[in-house]
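Q: Can you read through this structure? Questions will come right after.
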Amino acid sequence: MGEVEEKAVLEKVGNVVASINGSKHVDQVISAVYSLAALLFPLETLSFIGSISEKYRDEVRSAEALSENQRKEWWKVFYKGAAFPALARVLLYDVASDWLVCFPISARKNVYDVFFVKGRMTEVVQAMVPCLQNRGSTRYDTSAVYSNAERSMFVDKFLLWKVFPICCLRWILHFAILECSPDNTLLTKAYHAHRLVETMQRLVSVWSKREFVQSSRLEQQAYVTAALGLCLEKMSKEDLDATKDAIHSILQGVSCRLESPDHLVRKMASSVALVFSKVVDPQNPLYLDDNCHDETIDWEFKPTMSDRSSVAKSHHKDEEADKVKGLDMAKEANGVDDADMGKKVKGRKQKLLEFKLVDPDEVIDPAALNGELISDGEGDDFGSEDSDSLSDTSLEPYDLTDDDADLKRKFSQLVDVVGALRKSDDVDGVEGALNVAEKLVRASPDELKYVASDLARTLVQVRCSDFTAEGEEESAEEKRQKALVALIVTCPLESLEALHTLLYSATVDVSQRIMILDVMTGAAQELASMKFLKPEYQPRNLISSVSDKPWFIPRNIGPPGASSWKEISTPGTPLNWSYSYERELPPRPGQIQRGKTRRWSLQSSVNENQLEQSQNQFPQYAAAFMLPAMLGFDKKRHGVDLLGRDFIVLGKLIFMLGVCIKSAAMHPEASVLASPLLDMLRVREISHHIEPYVRRSVLFAASCILVAIHPTHVASALMAGNTEIPRGLEWIRTWAHDIAESDTDRECYMLAMTCLQLHSEMALQTSRALESTEGTFGTETLGLPSALASGMIKIPRV
-8 MGEVEEKAVL
2 EKVGNVVASI
12 NGSKHVDQVI
22 SAVYSLAALL
32 FPLETLSFIG
42 SISEKYRDEV
52 RSAEALSENQ
62 RKEWWKVFYK
72 GAAFPALARV
82 LLYDVASDWL
92 VCFPISARKN
102 VYDVFFVKGR
112 MTEVVQAMVP
122 CLQNRGSTRY
132 DTSAVYSNAE
142 RSMFVDKFLL
152 WKVFPICCLR
162 WILHFAILEC
172 SPDNTLLTKA
182 YHAHRLVETM
192 QRLVSVWSKR
202 EFVQSSRLEQ
212 QAYVTAALGL
222 CLEKMSKEDL
232 DATKDAIHSI
242 LQGVSCRLES
252 PDHLVRKMAS
262 SVALVFSKVV
272 DPQNPLYLDD
282 NCHDETIDWE
292 FKPTMSDRSS
302 VAKSHHKDEE
312 ADKVKGLDMA
322 KEANGVDDAD
332 MGKKVKGRKQ
342 KLLEFKLVDP
352 DEVIDPAALN
362 GELISDGEGD
372 DFGSEDSDSL
382 SDTSLEPYDL
392 TDDDADLKRK
402 FSQLVDVVGA
412 LRKSDDVDGV
422 EGALNVAEKL
432 VRASPDELKY
442 VASDLARTLV
452 QVRCSDFTAE
462 GEEESAEEKR
472 QKALVALIVT
482 CPLESLEALH
492 TLLYSATVDV
502 SQRIMILDVM
512 TGAAQELASM
522 KFLKPEYQPR
532 NLISSVSDKP
542 WFIPRNIGPP
552 GASSWKEIST
562 PGTPLNWSYS
572 YERELPPRPG
582 QIQRGKTRRW
592 SLQSSVNENQ
602 LEQSQNQFPQ
612 YAAAFMLPAM
622 LGFDKKRHGV
632 DLLGRDFIVL
642 GKLIFMLGVC
652 IKSAAMHPEA
662 SVLASPLLDM
672 LRVREISHHI
682 EPYVRRSVLF
692 AASCILVAIH
702 PTHVASALMA
712 GNTEIPRGLE
722 WIRTWAHDIA
732 ESDTDRECYM
742 LAMTCLQLHS
752 EMALQTSRAL
762 ESTEGTFGTE
772 TLGLPSALAS
782 GMIKIPRV
């Protein structure tokens, strides 16, 4: 940006201003303004050249054009120097007062508006805001200047620049369009209907585009949605009917937002649909959101209590909980303090399943799993001595009549459960089978591995909405998912084979594919934190010490609170050929006492000499979880298009793979499976997916890879000359850095920063492992390739 370039730009601006001042026809003004716009922006001449007279078309065609690099230099000098303020004053006052009303729409958009739409935001706002202020009588047409400035505030891409508070947006709309204050209740005919309709059409043309939903920040989407909704609130049905294609555009925008997995985006769609329905038919408002029943719509989109509870159950909270869990695992692996790991996500989801400790020696009766109570007749023999303590008034007559609970079928075998689930016309049978399915599966009967595949397919294909009452669908769906999770945990190989077959099958819909991925995610997490009981090791003396008590007297070993041993005397016998002793024992924890008789047969849930331990059982099944799911994800089949319309399924799939690789963290399986997962994530259609939901899942999976791989494995790969894993980790660093710099989604930015932080920790630990290896074996034995030695793993400066 030298002085000569700035001088040339100012000289060109002076010539354009002189041409405008000397113009006698509107086409002269268009030609003069275009001669400068062609030096700054890539313009399409054919879009407006047909709207000007033949006399000036040659001047437009012969206008000087620059290369792309030269245009960028001119653009910088034009907006950073004094050239733009000088030209903006002429355009906003002289041209707007005398000529802009005569501009064809195509010429106004491609020649005039381009200076404000594609310019620097700060300079454009500083130039346009003073035009909204009325300063009394001037030589310019104040109404035209004011109207043009107001119009420019809502021209397509200008909406993407600045997000004002909603209170400021209300003032802008009322003063610029309605010409009254927001607190004025007398709005009968005090506004210009034509101006309101024109503004609404510009807003809806931007709001309805799918690209706007995919590429814009949530703050910008909420701002444009609020502007559109506030305009619709002031319109009548006659005003809406006078618009061209506005109704179709509104419905298109609502439809594409309802498909979004983001709750806030769906709430925007329901709010616009509600205010639109009130304009069309005030007596029949359309409520797409159960939580939106208020008369006034909150255009600031603040979350209500019902919103928080519903969002807390969504998959978004699952992602946040796993992000926190992934960071915690990274800290355990790399030895990083809490303060060094950055911000933690606030929301934490409760565990899907509460693990119950089961005694391995306990005998389980399948019939008891249905809630049947076993008669206590056999155990009451010991209580007959104290039966006189019960009075006659405590006895109640037994009801011999049958009720619905007695007539319901009891399931004690998994084969019967599969058969009942397949009978869709038997509502009670399906409901009863779902109620007992999880308990029967977790009992691990001998028939489980033979019916696991059929049971998995049947549970996926059953429709909970067909046999449940309205409002109880979530309860039945939860039972189905818990049964599938239990089935995968207890019989992984057989059930996973069936689920992977259904995942890409044309016989299931999107909701069923999402459910399959959800239960696989829950099963992986449960297998990774499997709990069991192990007898506590108690060392004993190999040689017993000599005691003063006779050998036949029992030792005082037992639970605390037990009394000393006493000999039992048996009168009437001449000789005691054996010695009998007794003592009193305290009741065990959880032991139930009835009346005066103590039942000694009951077992406590946790034995005193058993310890609770956890062991990661997932790594041995990690390949069975991940590899079949990654096979053929990019193939378009009948009813399956993961890279296209089924992007939600793609995001769920990547999220599930991230949870799986994290569940195998610090195991050899993680290093082996990281390579195919990295190959999948590096596919451009995935890593640069247009939907933010998919990009978030990819970033989450990348962070899980950084957490799962042990730094010593990376160091070993570097020493062995294996560049596959190091190159994949370097790709994560460069790609996350690009996302942090250019992505418009705030959550993607936060996840990218987390990836960079985890990568720096991985690089630090790997470098320490390499240094320790150099100190042990010497530098000469490493023999690292030059490409790796030059920094294949780098510590980013973020």
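Be aware that the sequence shown starts at -8, since it is given in my numbering, and climbs by one per residue.
Where is the CB? At the ideal position from N, CA and C, for every residue including glycine.
1) Which same chain residues, not among the five before or five after residue 92, have their C-beta less than 8 Å away from its C-beta?
2) Is the separation between the beta-carbon of residue 668 and that of residue 709 shorter than 8 Å?
3) Could you tell me which residues DSSP puts in a beta bridge with residue 606?
4) Please identify the residue among 7, 257, 224 whose C-alpha is closest to the C-alpha of residue 272.
5) Using DSSP with H/G/I as helix, E/B as strand and the rest coil, what is residue 268?
6) Taking the straight line between their C-alpha atoms, what separation do you get for residue 666 and residue 676?
7) With distance defined between alpha-carbon atoms, name the residue in 484, 505, 437 nearest to residue 646.
8) Can you tell me the Cα-Cα spacing of residue 252 and residue 694, whole angstroms?
9) Between 698, 751, 459, which lies nearest to residue 419 when the distance is taken from Cα to Cα?
10) Restricting to Cα atoms, I'd like to know which of 606, 165, 249, 557 is closest to residue 199.
11) The alpha helix (DSSP H) spanning residue 645 covers which residue range?
12) Which stretch, first to last residue, makes up the alpha helix (DSSP H) that contains residue 555?
13) Distance check for residue 40 and residue 3, CA to CA, integer angstroms please.
14) Going by DSSP, name the residue or residues bridged to residue 573.
15) In terms of residue numbering, what span does the alpha helix (DSSP H) encompassing residue 21 cover?
16) Under 8 Å: do the segment 25 to 38 and the segment 79 to 89 share three or more Cβ pairs, one atom per stretch?
17) Between which two residues does the alpha helix (DSSP H) containing residue 60 stretch?
18) Between the C-alpha atoms of residue 422 and residue 467, what's the straight-line distance to the nearest angstrom?
19) Take residue 514 and list the residues in its own chain whose beta-carbon comes closer than 7 Å to its own, dropping the five residues that flank it on each side.
20) Kindly indicate the opening and closing residues of the alpha helix (DSSP H) around residue 657.
21) Verify whether the separation of the beta carbon atoms of residue 160 and residue 218 is less than 8 Å.
22) DSSP beta-bridge partners for residue 628?
23) Rounding to the nearest angstrom, what Cα-Cα distance links residue 522 and residue 494 in this structure?
24) Between the C-alpha atoms of residue 205 and residue 211, what's the straight-line distance to the nearest angstrom?
25) Any idea what DSSP makes of residue 122, helix, strand or coil?
26) For residue 377, does the count of other Cβ atoms within 10 angstroms reach 16, so buried, or fall short, so exposed?
27) So within the segment 175 to 257, which uninterrupted alpha helix (DSSP H) runs reach at least 4 residues, ignoring any that extend past its ends?
28) Rounded to whole angstroms, what is the Cα-Cα separation between residue 757 and residue 162?
29) Could you tell me if residue 158 is buried or exposed, where buried requires 16 or more neighbouring beta carbons within 10 angstroms of its beta carbon?
30) Throw me the rounded Cβ distance for the residue 261 and residue 279 pair, which I believe falls under 8 Å.
31) Helix, strand or coil for residue 39 per DSSP?
32) Mapping DSSP to helix, strand and coil, what is residue 131?
33) Looking at C-beta atoms only, is the number of pairs between the segment 548 to 556 and the segment 637 to 646 that lie closer than 8 Å three or more?
34) Mind checking which residues open and close the alpha helix (DSSP H) that includes residue 107?
35) Using the C-alpha atoms, what's the distance from residue 728 back to residue 407?
36) Of all the options 634, 96, 483, which has the alpha carbon lying nearest to the alpha carbon of residue 443?
A: Short version:
1) If you number the sequence shown from 1, residue 92 lands on position 101. Same-chain partners within the cutoff: 135.
2) As a working note, residue 668 is residue 677 in the sequence shown. As a working note, residue 709 is residue 718 in the sequence shown. Taking 8 Å as the cut-off, the Cβ atoms of residue 668 and residue 709 do not count as close.
3) By one-based count along the sequence shown, residue 606 stands at place 615. Paired residues: 521.
4) Taking the first residue of the sequence shown as 1, we reach residue 272 at position 281. Selected option, being the one with the closest Cα: 224.
5) Against the sequence shown, residue 268 aligns to sequence position 277. Note: residue 268 maps to helix in three-state DSSP.
6) Within the sequence shown, residue 666 is the residue found at index 675, counting from 1. Within the sequence shown, residue 676 is the residue found at index 685, counting from 1. Rounded to the nearest angstrom, the two C-alpha atoms are 18 Å apart.
7) Sequence index remark: in the sequence shown, residue 646 carries index 655 (1-based). For the residues 484, 505, 437, the minimum Cα distance to residue 646 belongs to 505.
8) Walking along the sequence shown from the start, residue 252 turns up at place 261. Walking along the sequence shown from the start, residue 694 turns up at place 703. Going by the C-alpha atoms only, they are around 21 Å apart.
9) Position 428 of the sequence shown holds residue 419. Considering only alpha carbons, the answer is 459.
10) Position 208 of the sequence shown, counted from the start, is the residue given in the question as residue 199. Of the listed residues, the one whose Cα sits closest to residue 199 is 249.
11) The residue given as residue 645 occupies position 654 in the sequence shown. Note, residue 645: alpha helix (DSSP H), 638 to 654.
12) Indexing the sequence shown from 1 puts residue 555 at position 564. No alpha helix (DSSP H) holds residue 555; DSSP gives it neither H nor E.
13) The count along the sequence shown starts at 1 and reaches residue 3 at position 12. The count along the sequence shown starts at 1 and reaches residue 40 at position 49. Each residue's Cα considered, the two are about 22 Å apart.
14) Taking the first residue of the sequence shown as 1, we reach residue 573 at position 582. Answer by DSSP bridge pairing, in chain order: 557.
15) Position 30 of the sequence shown, counted from the first residue, corresponds to residue 21. Where residue 21 is concerned, the enclosing alpha helix (DSSP H) stretches over 17 to 31.
16) Segments in contact, no.
17) Here residue 60 corresponds to residue number 69 of the sequence shown, with the count starting at 1. Where residue 60 is concerned, the enclosing alpha helix (DSSP H) stretches over 59 to 71.
18) Counting from one through the sequence shown, the residue named residue 422 turns up at place 431. Counting from one through the sequence shown, the residue named residue 467 turns up at place 476. Approximately 8 Å between the Cα atoms of the pair.
19) Numbered from 1 along the sequence shown, position 523 holds the residue referred to as residue 514. Within the same chain, residue 514 has close Cβ partners 476, 479, 480.
20) Position 666 of the sequence shown, counted from the first residue, corresponds to residue 657. That residue, residue 657, is in no alpha helix (DSSP H); it is neither H nor E in DSSP.
21) Counting from one through the sequence shown, the residue named residue 160 turns up at place 169. Counting from one through the sequence shown, the residue named residue 218 turns up at place 227. Yes. Within cutoff.
22) Within the sequence shown, residue 628 is the residue found at index 637, counting from 1. In the DSSP assignment, the residues bridged to residue 628 are 631.
23) Working through the sequence shown from its first residue, we reach residue 522 at position 531. Working through the sequence shown from its first residue, we reach residue 494 at position 503. Cα-Cα distance, rounded: 29 Å.
24) By one-based count along the sequence shown, residue 205 stands at place 214. By one-based count along the sequence shown, residue 211 stands at place 220. In a straight line, the C-alpha of residue 205 is about 12 Å away from that of residue 211.
25) The count along the sequence shown starts at 1 and reaches residue 122 at position 131. In the structure shown, residue 122 sits in a helix (DSSP, three-state: H, G or I).
26) Position 386 of the sequence shown holds residue 377. Interpretation of residue 377 is limited by its pLDDT of 45, a score under 50 that renders its predicted location unreliable; the figure taken from the coordinates is listed afterwards. Residue 377 should be labelled exposed.
27) 184 to 198, 201 to 206, 209 to 224, 228 to 232, 237 to 249
28) Sequence index remark: in the sequence shown, residue 757 carries index 766 (1-based). Sequence index remark: in the sequence shown, residue 162 carries index 171 (1-based). C-alpha separation (whole angstroms): 57 Å.
29) Translated into positions along the sequence shown, residue 158 becomes position 167. Exposed, because fewer than 16 other Cβ atoms sit within 10 Å of the Cβ of residue 158.
30) Locating residue 261 in the sequence shown gives position 270, where the first residue counts as 1. Locating residue 279 in the sequence shown gives position 288, where the first residue counts as 1. Going by Cβ atoms, the distance from residue 261 to residue 279 rounds to 4 Å, so yes, they are a contact pair.
31) The count along the sequence shown starts at 1 and reaches residue 39 at position 48. Coil, per DSSP.
32) Translated into the one-based positions of the sequence shown, residue 131 becomes position 140. DSSP places residue 131 in coil when its eight states are reduced to three.
33) no
34) In the sequence shown, counting from the first residue as 1, residue 107 sits at position 116. Element bounds for residue 107: 105 to 108.
35) In the sequence shown, the residue the question calls residue 407 occupies position 416. In the sequence shown, the residue the question calls residue 728 occupies position 737. Roughly 55 Å separates the two Cα atoms.
36) For the purposes of this step, residue 443 is taken as the residue at position 452 of the sequence shown. Out of 634, 96, 483, 483 has the C-alpha closest to the C-alpha of residue 443.
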